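What the sequence shown shows, in the UniProt record's numbering, is residues 1 to 419, in sequence order. Here the structure is laid out as structure tokens; the discussion comes afterwards.
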Amino acid sequence: MRRLKLAFLLLMVGMSLIAGGLPMQQAHAQSTASKAASDYLNQALDFMQENAVHANTLDWKTLRAQALERIQNAQVPADTYPTITWALQQLGDHHSFFLDPEAAKRNQQGYNNVFGLNMTDDGTITDIIAGGPADKAGNVRRGDIVQKINGIVLKDQQAINDSLRKNPSSATLSIQQRDRHRSFDVTLKLGPYESNKRPQARLVKPGIAYIELPAVMGGKMAEEYATIVQQEIQDLDQNNDIRGWIVDLRNNNGGNCWPMLAGIGPVVGEGKLGSFFTQGQAVGTWTYSNGKALSGDQVAAQVQHPYTLRHPLPPVAVLTSPITASSGEAVTIAFRGRPNTRSFGEPTYGVPTANYAQTLSDGAQIYLTVAIDADRTGKTYDSPISPDQGVHIDWATVYTQHDQVIKVAAQWLQHQPGR
Numbered sequence: 001m002r003r004l005k006l007a008f009l010l011l012m013v014g015m016s017l018i019a020g021g022l023p024m025q026q027a028h029a030q031s032t033a034s035k036a037a038s039d040y041l042n043q044a045l046d047f048m049q050e051n052a053v054h055a056n057t058l059d060w061k062t063l064r065a066q067a068l069e070r071i072q073n074a075q076v077p078a079d080t081y082p083t084i085t086w087a088l089q090q091l092g093d094h095h096s097f098f099l100d101p102e103a104a105k106r107n108q109q110g111y112n113n114v115f116g117l118n119m120t121d122d123g124t125i126t127d128i129i130a131g132g133p134a135d136k137a138g139n140v141r142r143g144d145i146v147q148k149i150n151g152i153v154l155k156d157q158q159a160i161n162d163s164l165r166k167n168p169s170s171a172t173l174s175i176q177q178r179d180r181h182r183s184f185d186v187t188l189k190l191g192p193y194e195s196n197k198r199p200q201a202r203l204v205k206p207g208i209a210y211i212e213l214p215a216v217m218g219g220k221m222a223e224e225y226a227t228i229v230q231q232e233i234q235d236l237d238q239n240n241d242i243r244g245w246i247v248d249l250r251n252n253n254g255g256n257c258w259p260m261l262a263g264i265g266p267v268v269g270e271g272k273l274g275s276f277f278t279q280g281q282a283v284g285t286w287t288y289s290n291g292k293a294l295s296g297d298q299v300a301a302q303v304q305h306p307y308t309l310r311h312p313l314p315p316v317a318v319l320t321s322p323i324t325a326s327s328g329e330a331v332t333i334a335f336r337g338r339p340n341t342r343s344f345g346e347p348t349y350g351v352p353t354a355n356y357a358q359t360l361s362d363g364a365q366i367y368l369t370v371a372i373d374a375d376r377t378g379k380t381y382d383s384p385i386s387p388d389q390g391v392h393i394d395w396a397t398v399y400t401q402h403d404q405v406i407k408v409a410a411q412w413l414q415h416q417p418g419r
């Protein structure tokens with residue numbers, strides 16, 4: 001087992017090391033770029049070659065030669081950023097990515113959703129974060145479709161990112177309203193805000209509780225997330241005779257899975273929830289035990305005063321969508337193989353894999369996929385996860401009384417034993 005992978009899998013997602021500290025013996029191709037630039041790139045490639053989940057399937061001699069050819073005029077580390085991004089794309093895991101120093105800093109502080117909205121690949125807005133730029137604009141709604149950003153079509157992500165770097169204080173979104181009868185432009189004022197949404201729970205029918213588990217990454221919310229989730233669960237459970245739970249992951253596009261698992265622990269139940277697999281071997285088990293989410297035998301997140309349901313091991317309906325990704329998919333998997341559990345909605349995004357964050361010498365970060373997820377039975381996942389029961393999602397009605405996915409899930413719960 002590679003040392004770095006073991007460290008990641010037994011500790012937690014999102015730990016950082018300093019580049020250059022790995023015991024590598026790679027043959028480095030030569031480049032006419034400056035020594036600072038070529039050394040920086042080679043350190044990044046060393047990290048990828050040693051730890052990428054699909055590293056053994058690649059021709060690294062050719063990949064390194066091509067990468068160094070791409071930086072012939074590079075003078076400083078920043079000149080290699082596009083090539084590092086390119087190299088990560090060659091890994092084929094569809095999950096690894098690169099953040100420049102400024103983006104990495106924002107991410108760690110919890111400022112990781114620039115516009116304050118979630119949207120599908122085709123631009124359909126699935127959620128708007130309270131207090132974010134889109135929310136403050138006042139005229140952006142779930143179900144609307146973003147067609148362009150700063151006049152650039154969505155598929156040209158590189159051009160969009162370049163435009164945002166040139167003018168980081170604002171962005172103009174071209175939007176088609178949900179009924180497709182009107183299009184308009186809205187200029188968002190961009191800036192730091194708490195982009196982690198607060199988990200919320202409510203009663204949807206007598207005896208049926210609903211809790212949304214949103215994404216969480218960095219910032220103050222990451223520290224409080226698990227406690228907030230368990231407090232929401234406790235408040236509902238203590239004041240109602242709850243016999244079934246709906247866990248909504250439809251807008252959970254990832255982040256840190258451990259606060260999510262620690263928070264939802266009373267509902268998912270004690271014991272093994274899943275594991276990480278690499279090279280065909282299980283290398284780290286996820287467990288929930290008395291308020292603790294553990295990776296192996298290491299506590300990754302914890303609630304100081306854990307709650308136990310009045311009716312343990314209740315029936316659970318899990319809601320997913322194409323937005324559900326990464327850590328959101330890990331939570332989806334944690335419910336796979338659990339008794340009295342059924343999933344509803346649409347297939348997940350399709351990156352049920354574990355990333356390790358490597359901090360480079362200038363503060364930039366590589367998020368590298370080092371393992372795939374497996375459920376409690378040992379079944380591995382590396383593609384979109386289909387729900388047990390497909391239900392079309394109308395994003396304009398999500399979270400409202402007209403939310404069809406919640407309705408179908410509640411109907412199933414009403415017919416489960418103990419109701």
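Cβ atoms here follow ideal geometry from the backbone N, Cα and C, with glycine treated the same way. Treat the numbers as computed from the prediction; the structure is a model and nothing was measured.
Measure the beta-carbon distance from residue i to residue j and round it to whole angstroms, keeping in mind my assumption that it falls under 8 Å.
{"i": "THR85", "j": "LEU41", "result": "About 12 Å; that fails the 8 Å criterion."}
{"i": "HIS95", "j": "SER326", "result": "7 Å"}
{"i": "ALA374", "j": "ALA282", "result": "7 Å"}
{"i": "VAL153", "j": "ILE125", "result": "With a Cβ gap of about 16 Å, VAL153 and ILE125 do not count as contacting."}
{"i": "HIS216", "j": "GLY255", "result": "Correcting the residue identity first, residue 216 is Val in this sequence and not His. Sure, about 5 Å apart at Cβ, within 8 Å."}
{"i": "ILE385", "j": "PRO417", "result": "Going by Cβ atoms, the distance from ILE385 to PRO417 rounds to 26 Å, so no, they are not a contact pair."}
{"i": "ALA36", "j": "GLN72", "result": "15 Å between Cβ atoms; not a contact."}
{"i": "THR380", "j": "TYR349", "result": "Their Cβ separation, rounded to whole angstroms, is 17 Å, which puts THR380 and TYR349 out of contact at 8 Å."}
Please list, in chain order, all residues of the same chain as residue i whose beta carbon is under 8 Å from its beta carbon, the five residues on each side excluded.
{"i": "SER169", "result": "LYS189, LEU190, GLY191"}
{"i": "PRO199", "result": "ILE211, GLU212, LEU213, PRO214, TYR225, ILE228, VAL229, GLU232, GLY263"}
{"i": "PHE98", "result": "TYR81, ILE84, THR85, LEU88, ALA364, GLN365, ILE366, TYR367"}
Using the Cα positions of residue i and residue j, report the straight-line distance between them to the nearest angstrom.
{"i": "SER321", "j": "LEU117", "result": "16 Å"}
{"i": "ALA410", "j": "ASP79", "result": "53 Å"}
{"i": "GLY143", "j": "TRP60", "result": "44 Å"}
{"i": "ALA364", "j": "GLY132", "result": "25 Å"}
{"i": "PHE115", "j": "VAL53", "result": "32 Å"}
{"i": "GLN75", "j": "LEU164", "result": "24 Å"}
{"i": "ALA293", "j": "GLU270", "result": "10 Å"}
{"i": "GLY337", "j": "THR377", "result": "7 Å"}
{"i": "PRO312", "j": "LEU236", "result": "14 Å"}
{"i": "ARG182", "j": "ASN139", "result": "12 Å"}
{"i": "PRO306", "j": "GLU223", "result": "15 Å"}
{"i": "GLN177", "j": "ALA134", "result": "14 Å"}
{"i": "LEU121", "j": "ARG180", "result": "Here residue 121 turns out to be Asp, not Leu, going by the sequence shown. Taking the straight line from one Cα to the other gives about 18 Å."}
{"i": "ASP46", "j": "ASN113", "result": "30 Å"}
{"i": "PRO206", "j": "VAL398", "result": "20 Å"}
{"i": "HIS402", "j": "ALA396", "result": "9 Å"}
{"i": "VAL408", "j": "THR187", "result": "38 Å"}
{"i": "GLN25", "j": "GLN43", "result": "Here GLN25 scores only 40 on pLDDT, less than 50, and its place in the model should not be relied on; the value that follows carries that caveat. Spanning the two alpha carbons is a distance of roughly 11 Å."}
{"i": "LYS105", "j": "LEU68", "result": "27 Å"}
Please name the residue, chosen from the options, that lies closest to residue i on a Cα-to-Cα basis.
{"i": "ASN51", "options": "GLN66, ARG142, LEU88", "result": "LEU88"}
{"i": "GLY284", "options": "LYS292, ALA409, LYS272", "result": "LYS272"}
{"i": "VAL318", "options": "THR380, TRP258, THR377, ASN252", "result": "ASN252"}
{"i": "THR341", "options": "ASP39, ASP237, GLN414", "result": "GLN414"}
{"i": "ASP93", "options": "GLU102, LEU58, ARG106", "result": "LEU58"}
{"i": "VAL331", "options": "LEU249, GLN389, GLY296, VAL351", "result": "LEU249"}
{"i": "ALA201", "options": "GLN157, ASN240, THR377", "result": "ASN240"}
{"i": "GLU102", "options": "VAL408, THR397, TRP412, THR359", "result": "THR359"}
{"i": "ASN107", "options": "LEU91, SER34, LYS155, MET221", "result": "MET221"}
{"i": "GLY123", "options": "LYS166, LEU68, ASP156", "result": "ASP156"}
{"i": "ILE242", "options": "PRO259, LEU203, SER343, GLY219", "result": "LEU203"}
{"i": "GLY280", "options": "ASP162, ASN56, ASP185", "result": "ASN56"}
{"i": "ILE129", "options": "ASN290, GLY151, LYS197, LEU68", "result": "LYS197"}
Which one or two residues does DSSP pair with residue i in a beta bridge?
{"i": "GLY345", "result": "THR320, GLY390"}
{"i": "THR369", "result": "ASN355"}
{"i": "ASP382", "result": "According to DSSP, ASP382 bridges with nothing at all."}
{"i": "MET119", "result": "ILE125"}
{"i": "ARG202", "result": "TYR210"}
{"i": "GLY244", "result": "ILE208"}
{"i": "TYR288", "result": "GLY271, ALA293"}
{"i": "LYS407", "result": "DSSP lists no partner for LYS407."}
{"i": "ASP375", "result": "GLY274"}
{"i": "SER170", "result": "LYS189"}
Under 7 Å Cβ to Cβ from residue i, same chain only, skipping five residues before and after it: list those, please.
{"i": "ALA334", "result": "LEU261, VAL268, LEU273, GLY274, TRP286"}
{"i": "ASP100", "result": "TYR81, ALA364"}
{"i": "GLY345", "result": "ARG250, LEU319, THR320, SER321, PRO387, VAL391, ILE393, VAL405"}
{"i": "ILE149", "result": "ILE160, ALA171, LEU173"}
{"i": "ASP127", "result": "LEU117, ASN118, ARG142, ASN251"}
{"i": "GLY218", "result": "ASN107, GLN108, GLN109, GLY110, ASN112"}
Using a Cβ-Cβ cut-off of 6 Å (strictly less than) and excluding sequence neighbours within five positions of residue i, which residues of its own chain qualify?
{"i": "THR227", "result": "VAL303"}
{"i": "TRP245", "result": "ALA209, VAL267, PRO314, VAL316"}
{"i": "PHE276", "result": "LEU9, VAL283, GLY284, ALA354, ALA371"}
{"i": "PRO23", "result": "Note that PRO23 scores a pLDDT of 33, beneath 50, so its modelled location is shaky; the value from the coordinates is reported in the next line. For PRO23, where only same-chain residues beyond five positions count, there are no Cβ hits under 6 Å."}
{"i": "LEU309", "result": "ASP237, PRO266"}
{"i": "ARG70", "result": "THR83"}
{"i": "ASP362", "result": "PRO77, PRO101"}
{"i": "ALA301", "result": "ALA226, TRP258, PRO259, ALA262, ALA293"}
{"i": "ASN290", "result": "PRO306"}
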